[in-house]
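K.L.:
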Amino acid sequence: MFKKDFPYFKNSEIAYLDNGATTQKPQCVIDAQVEYYEKYCANTHRSNFGDANKATTNYEGARKILKEFINASGNEEIIFTKGVSESINFIASSFVSKYETVIISSLEHHSNIVPWHMQGRTIGKGLEVVKCDENLSFDFDHFEKLLSQNKNAFVSVTHISNAFGKIHDIKEITRLAHKYGAVVMIDGAQSLAHMKVDVQDLDVDFFAISAHKTFGPTGVGAIYVKKEHLADLLPYQTGGATIHEVDYHGSTLLDSPYMFEAGTQNIAGVIGFAQALEYIKHVGYENIETIEKDVYTYLDKRLREIPDIEFYNDIEDSVGSRSFNIKGLIHDDVGILVDKMKIALRVGHHCAQPIMKQLGIKGTIRVSLAFYNNYTDIDKLILALKKAISMLKD
Ligand SMILES: Cc1ncc(COP(=O)(O)O)c(C=O)c1O
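For the sequence shown, this note's numbering assigns the number 12 to the initial residue and increments by one for each residue that follows.
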């Protein structure tokens, strides 16, 4: 019923089931960006003429909208970035050096693994990984053991696994981490498309956000930084619009968030992202959660009709993504065939090679939903999968 808001679906018969990779954009998001380029294209925080002031007002308005959306306590806690990858890299290089150990989970995306390797942290040498059980659930006992053994720890975990849809209990992770004096960053790339996030209620220290996975434009994201950490956060890059005063002896920087947003930002993208958040408010998380639960359950039920299907987790505590393999078939082959039948999904390791290796597989077939998906999409998928299987098994 919401597909009508998304121009991508207007003339397309594609069952778009790759929302974990990126979501489609509603018309209002596209319009907001076009309007900026067509009607008031000017740089922000610099010039003082009408269109420049309007661009600055709307850009800063977007910050306020995001701040309220996630219930941050101040605008200075919201720093715009290119996306979750940049947000994590920013915090990794500008904050984490004083922490002896970084603790991640077994379900991390490469964006929350490689930045730690770039610092020379490897397993047992500044990097620890919380185990998961056979249902991919976070092992809280192991986590607590790691926290007690590593007094100066920085915890960086995903909220929702992009590969398997598994939801981590962030509130409990944060509660335990804080009990041991650790600081917590959440990779929220997959969160806002599916569920309400309240950073004060979760009590997280950092929360990384991706616009393009939240019905917004590509190349935009943000990092929420709890106020008490702002003074310890160093700029990741500097330049235009970050400074108060410069001479050849030195520079004084502005306060957050401006000191962290060097150079001309993705102004149209940020304005478009605000529209995506307004659109989510209009749809309502209650609706989103109800629809998704229903379609996700239907997806699971229909997939179970397929003989020899192998899952890696049940659908308890999961949302969005459902990953599987079909015994005897190569996931890439299935992906190529269903693409020809107008099914958009992802096959492969989903930028999560370590967990694939742990499961002894090269990758999976991943169906990832958003609230605009419906039973018709799932029926098309099942038909295509059955056809592909019969072609490959013949
Ligand atoms: C869990 C997770 N973390 C990080 C990323 C990277 O996000 P971005 O594309 O905003 O850099 C992704 C993208 O697939 C993801 O799913």
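For every residue, glycine included, the Cβ atom is placed at its ideal position computed from N, Cα and C.
Here the structure is a predicted model, which is why all the values come from computation and not from measurement.
1. When every heavy atom of ligand 1 is checked, does at least one fall within less than 6 Å of the C-beta of N173?
2. If you drop the 5 nearest sequence neighbours on each side, which residues of the same chain put their C-beta closer than 7 Å to that of I102?
3. Could you tell me whether any Cβ in chain C is nearer than 7 Å to the Cβ of K338?
4. Quick check: R333 and V378, are their CB atoms within less than 7 Å of each other?
5. Locate the beta strand (DSSP E) running through I317, then write down its first and last residues.
6. If you draw a straight line from the C-alpha of L77 to the C-alpha of R313, how long is it?
7. When the Cα of K397 is compared with those of V345, A363 and G371, which residue comes out closest?
8. Which parts of the segment 120 to 182 are runs of the alpha helix (DSSP H), unbroken and 4 residues or longer, counting only runs that do not cross its ends?
9. What span of residues does the alpha helix (DSSP H) with N64 cover, start to end?
10. Would a C-beta distance cut-off of 7 Å place T263 and E256 closer than the cut-off?
11. From which residue to which residue does the alpha helix (DSSP H) around E395 run?
12. From which residue to which residue does the alpha helix (DSSP H) around F101 run?
13. Following the continuous alpha helix (DSSP H) through L370, name the residue where it begins and the one where it ends.
14. Determine the DSSP secondary structure at I41, reduced to helix, strand or coil.
15. Output the residue ranges of the alpha helix (DSSP H) runs that lie fully inside the segment 172 to 248 and measure 4 residues or longer, sorted by chain position.
16. For K404, tell me which candidate among M352, L380 and L348 has the shortest Cα-Cα distance.
17. Would you tell me roughly how many angstroms separate the C-alpha atoms of L288 and N69, rounded to the nearest one?
18. On the CB-based measure, 16 or more other CB atoms within 10 Å of its CB, does R57 come out buried or exposed?
19. For the segment 246 to 255 and the segment 267 to 282, state whether three or more C-beta atom pairs, one from each stretch, are separated by less than 8 Å.
20. For N336, list the residues DSSP reports as bridge partners.
21. Would you kindly report the start and end of the unbroken alpha helix (DSSP H) that includes D350?
22. Nearest CA to the CA of G199: which residue from Q130, Q364, S167 and D325?
23. Could you tell me the distance, in whole angstroms, from the CA atom of Q421 to the CA atom of G192?
24. Assign A242 to one of two classes, buried (16 or more other C-beta atoms within 10 Å of its C-beta) or exposed (fewer than that).
25. Can you tell me whether DSSP reads V281 as helix, strand or coil?
26. Can we count H120 as close to ligand 3, meaning its CB is less than 6 Å from some heavy atom?
27. For my contact list, G274 and V40 are in at a C-beta cut-off of 8 Å; report their separation, rounded to the angstrom.
28. For L264, which beta-bridge partners are listed by DSSP?
29. Closest to N173 by CA distance: which of G359, K391 and N385 is it?
30. Taking 6 Å as the cut-off, is the beta-carbon of G331 closer than that to any non-hydrogen atom of ligand 1?
31. So is the beta-carbon of G176 under 6 Å away from any non-hydrogen atom of ligand 1?
32. Grab the span of the beta strand (DSSP E) containing T375 for me, first residue to last.
33. Quick one: what does DSSP say A26 is sitting in, helix, strand or coil?
34. Which residues share a DSSP beta bridge with G359?
P.N.:
Taking the coordinates as given:
1. yes
2. M196, F217 and I234
3. Although the question refers to chain C, the structure presented lacks it and comprises just one protein chain.
4. yes
5. Note, I317: premise wrong, no beta strand (DSSP E); not H, not E.
6. 37 Å
7. V345
8. 125 to 128 and 151 to 160
9. G61 to F80
10. yes
11. The sequence given here has Ala at residue 395, not Glu. Unbroken alpha helix (DSSP H) run through A395: Y386 to K404.
12. V95 to S105
13. Q364 to L370
14. helix
15. 181 to 190 and 210 to 213
16. L348
17. 14 Å
18. exposed
19. yes
20. E321
21. H342 to K351
22. S167
23. The structure shown does not extend to residue 421, since the chain is modelled only from 12 through 405, so no value can be given for it.
24. exposed
25. helix
26. Ligand 3 is not part of the structure shown, which contains ligand 1 as its ligands.
27. In fact, because the Cβ distance is near 23 Å, the residues do not count as touching under 8 Å.
28. I254
29. G359
30. no
31. no
32. T375 to S379
33. strand
34. T375
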